[in-house]
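Following: one structure in structure tokens, then a few remarks.
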Amino acid sequence: MIFRPTTAADLDRFLPLIVTDPAAGMTADTYTARVSSGEYRHAWTWIADDGPGRTPLALAVWWGGPDDAQPGALDGLFVHASVPDADRTALAARLLTAAHEAYAAAGAATAPEYHLFLPSDWRGRPDTVAAVTWRQEAARRAGLPASLERLRYEWTPAAGLPEPSGRLVFRAEPDDEVFVDLFHRVLADSLDATSRKEAERVGARTQARDDVAFYRDSMPGDRSWWRTAWTPEGGLVGFGLPSRNHACPVVGYLGVLPEHRGRGYADEILGEITRILAAETGPERVRADTDMTNTPMAAAFERVGYRSDSCRLVLSAF
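Numbering (the numbering used here), first residue to last: 58 to 375.
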């Protein structure tokens with residue numbers, strides 16, 4: 058058995074492994090479209106190769122931005138139906154481990170996260186639970202033991218644009234250092250587990266600077282959309298980052314300074330983000346997500362007209 062990245066010549070051999078599955082998250086058509094866009098690459102598509110001319114026994118597909126040097130996340134993991142259930146997890150784990158070792162040798166600091174896109178009630182669906190369970194165990198064995206569940210939200214024009222209340226004044230701010238300071242300040246008692254976890258690992262100030270760099274350099278949204286939020290009297294309350302990913306406009310990030318929390322300002326900032334994205338992109342939808350445990354943010358999404366029917370399970374190294 059050889060674990061290796063694919064080449065274009067392998068395409069017809071491995072595409073049949075991409076089958077309908079409650080936790081798969083992709084189709085063969087999705088794969089070929091994203092190869093064309095540069096989000097999927099043969100160097101980031103790995104197979105368990107059982108010999109020339111044979112259908113591979115396992116397939117793993119990582120995603121990244123068209124300009125990225127390293128993949129950002131694992132998007133799909135498949136094992137051929139001929140592999141016994143008792144061997145499926147071990148085979149998938151060996152494939153992921155081989156790819157993780159190659160990415161580390163190429164300079165990756167940690168193994169890419171594994172993102173599974175699921176219905177919000179997936180724990181009540183036995184077929185989905187089964188499809189998630191073996192994948193989660195394979196990821197754990199390959200060095201991704203931590204898990205985080207995030208609710209996914211969507212706003213559409215049918216929901217109507219939230220009207221500004223006048224409680225906050227929004228200003229464009231070209232100085233990145235202002236946003237570094239704001240990201241740093243909102244980390245205090247934040248309910249965003251991802252931000253807290255990263256801050257514990259690298260330090261709060263470094264995490265704040267990394268966040269600004271990520272939204273500025275890695276997301277294709279326009280930097281000029283970013284806003285700071287103020288009271289009419291001139292008190293700084295927080296900030297909002299309208300953005301977009303490679304699929305659609307998104308609520309990139311919003312934060313309320315600790316001393317102003319509990320006053321409904323998140324609703325106001327989220328409303329402004331939505332209005333900017335509606336004006337700048339004319340979207341069919343705006344997407345967002347928040348940690349399952351961040352109930353105040355989830356409630357703000359609901360009040361502003363966002364609705365959730367799915368979640369994202371993130372498996373990571375820490």
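Heads up, the beta-carbon is just placed ideally off N, CA and C, and yes, glycines get one too.
Query	Result
Beta bridge counterpart(s) of I326 as assigned by DSSP	Note: I326 sits in no beta bridge, so no partner.
Beta-carbon separation (whole angstroms), E230 vs W283, contact threshold 8 Å	7 Å
Same chain, Cβ closer than 6 Å to V76, five either side skipped, listed in chain order	none
Given G200 as reference, the closest of Y171, V343, L298 once Cα atoms are compared	Y171
Length of the line joining the Cα atoms of T352 and Y97	34 Å
Which of helix, strand or coil DSSP assigns to I333	helix
Stretch pair the segment 289–296 + the segment 337–351: three plus CB contacts closer than 8 Å	no
Integer Cβ distance of S177 from S367, believed to fall under 8 Å	6 Å
CB contact flag (L334, G295, <9 Å)	no
Span separating the alpha-carbon of H99 from that of P62	6 Å
Those residues which DSSP pairs with D346 across a bridge	R209
Where the beta strand (DSSP E) containing D274 begins and where it ends	Looking at the DSSP string, D274 is not in any beta strand (DSSP E), and its letter there is neither H nor E.
In DSSP terms, what L72 is bridged to	L72 is not bridged to any residue.
W119 - containing alpha helix (DSSP H), residue span	It is not in any alpha helix (DSSP H) - W119 instead sits in the beta strand (DSSP E) that spans 115–120.
Residue interval of the beta strand (DSSP E) (run including A130)	130–136
Residue ranges of each beta strand (DSSP E) within the segment 218–259, 3 or longer	226–229
Burial state of S300 (16 or more Cβ within 10 Å)	buried
For A147 and V243, the rounded distance between their alpha carbons	42 Å
Buried/exposed call for S222, threshold 16 Cβ in 10 Å	exposed
C-beta atoms of W212 and R364 nearer than 9 Å	yes
Runs of beta strand (DSSP E) wholly within the segment 157–216 (minimum 3 residues, chain order)	170–176, 203–212
Whole-angstrom C-beta distance between L74 and H137, which should lie under 8 Å	6 Å
Candidates L372, M354, I59, of which the one nearest R209 by Cα	M354
Distance, D142 Cα to V235 Cα	53 Å
Of the residues V313, S275, C305, the one placed nearest T285, counting alpha carbons only	V313
Validate contact between the segment 180–194 and the segment 160–168 using beta carbons, cut 8 Å, 3 pairs	no
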